[in-house]
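Trainee: The structure under discussion is supplied below as C-alpha cells; questions concerning it will follow.
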Amino acid sequence: MQPYLFPYLGYFQLIKAVDMFVIYDDVQYIKRGWINRNHIFSQNGKQRITLQVLGGSLNSLINQVKVGSNGEKLLKTLQHNYSKSPYFKDIFPLLERILLQKEKNLVHFLDYALKQTCEYLNVHPKWYFSSSLTKDNTLQGQDKILSICKTLGVNEYINLPGGRGLYNHEKFHQKDLRLSFIQPRAVEYQQFNTSFIPNLSIIDVMMFNSQKQCGRFLKEYDVN
3 MQPYLFPYLG
13 YFQLIKAVDM
23 FVIYDDVQYI
33 KRGWINRNHI
43 FSQNGKQRIT
53 LQVLGGSLNS
63 LINQVKVGSN
73 GEKLLKTLQH
83 NYSKSPYFKD
93 IFPLLERILL
103 QKEKNLVHFL
113 DYALKQTCEY
123 LNVHPKWYFS
133 SSLTKDNTLQ
143 GQDKILSICK
153 TLGVNEYINL
163 PGGRGLYNHE
173 KFHQKDLRLS
183 FIQPRAVEYQ
193 QFNTSFIPNL
203 SIIDVMMFNS
213 QKQCGRFLKE
223 YDVN
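Heads up: the sequence shown is residues 3 to 226, going by the working numbering.
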C-alpha cells in the first residue's frame, strides 16, 4: 500500500490481516491525492487536513517528496476539534510525536506515523519498503506487485476493496498466488452528540474509543 496520512480504519484492518506489509514508496506521487490528506471530525461535519509537501510534481516518486512545515498548525486543528473527546489525553501525545518529528522525507515521515499508530493498536507485521526490495523496476501496476510477491516468497496478496478494479485473479493464479480483498464491516461509535460521520481518519477512531475497543474494531472485516 502507498503510505497515507493517518488513514482510515480499513487501512489498519488490512495491516492487521497480513503477515507482511509493504510500503509502496517507489511509485508516482499523485498531486492533490490522499497521501498527505485526510478527513477528521468537526462540529460542522468532516474537515479536511493536509500535510504540507514540497517537490510533489507529476515526475516525482513518493519517496522523493519532502514534508513542509505545518505540523504545529495541524496539531492546533486537532486539539481544537478533539480536546473534549474521551481519549484526547491518551492520543494527543502520539500525534505530537508524529507531527513534530524532524524527518523531512515524506515516506519516512508517514512510515513513522503508521508504525507509531500500529504500536498503539498492537499490530506488528513484518514491514518493508518496496524501494528496498530486489525486483524488476521496469514493471508497472499489477506486474510490479507480482514481482514484489515473488521477491517476498508469499502465497497470498491482500488488498483493500479499491484494488478490485486493478488486479486480475487469473494473473495471480498463473503465478501460484491467491488474490484476496479485505472488506471492512460497518463500524459506528459515539462522536460527541452528533450524527455519526463514517470513514474518517484513524485519529477519530482512537479519540472516541478505548485502546481495547480499537482492537475490537480492527477485527471487524472479512477477507474474500
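The beta-carbon is built from N, C-alpha and C at its ideal position, and this holds for glycine as well.
Which residue's Cα is closest to the Cα of Leu11: Leu60, Asn40, Asp28, Lys68?
Mentor: The candidate whose alpha carbon is nearest that of Leu11 is Asn40.
Trainee: Less than 8 Å between the CB atoms is what I'm expecting for Cys216 and Met208, so what's the real figure, rounded?
Mentor: Indeed they touch by this definition, with Cβ atoms about 6 Å apart.
Trainee: Verify whether the separation of the beta carbon atoms of Pro88 and Ile17 is less than 8 Å.
Mentor: In this structure, Ile17 does not lie closer than 8 Å to Pro88 by Cβ.
Trainee: Along the chain, where does the beta strand (DSSP E) containing Val67 start, and where does it finish?
Mentor: Val67 -> no beta strand (DSSP E), and no H or E assigned at all.
Trainee: Classify Gln15: buried if its beta carbon has 16 or more other beta carbons within 10 angstroms, exposed otherwise.
Mentor: It counts as buried.
Trainee: Taking only runs of the beta strand (DSSP E) that begin and end inside the region 5-84, which ones reach a length of at least 3 residues, in chain order?
Mentor: Correct list: 22-25, 39-42, 49-52.
Trainee: With 16 other CB atoms within 10 Å as the buried threshold, where does Ser149 fall?
Mentor: By the neighbour-count rule (16 or more Cβ atoms within 10 Å), Ser149 is buried.
Trainee: Quick one: what's got a C-beta closer than 6 Å to Pro186's C-beta in the same chain, skipping five residues either side?
Mentor: Contacts found: Gly12, Gln15, Tyr223.
Trainee: Exposed or buried, Phe198, counting other C-beta atoms within 10 Å across all chains shown (16 or more means buried)?
Mentor: Its Cβ having fewer than 16 others within 10 Å, Phe198 is exposed.
Trainee: Can you give, in chain order, each stretch of the beta strand (DSSP E) that sits fully within the region 164-210 and has at least 3 residues?
Mentor: Entirely contained in the region 164-210, the beta strand (DSSP E) runs reaching 3 residues are, in chain order, 180-186.
Trainee: Helix or strand or just coil, what does DSSP make of Glu227?
Mentor: This structure cannot settle anything about residue 227, because the visible part of the chain is limited to 3 through 226.
Trainee: Using CA atoms only, rank isn't needed, just tell me which of Ile204, Leu154, Ser182 is closest to Tyr130.
Mentor: Ranking the options by Cα distance to Tyr130, first place goes to Leu154.
Trainee: Are the CB atoms of Leu96 and Val69 within a distance shorter than 8 Å?
Mentor: Contact flag unset, no.
Trainee: Looking only at its own chain, which residues have a Cβ that is under 6 Å from the Cβ of Lys177, when we skip the five neighbours before and after it?
Mentor: For Lys177, where only same-chain residues beyond five positions count, the Cβ hits under 6 Å are Leu148.
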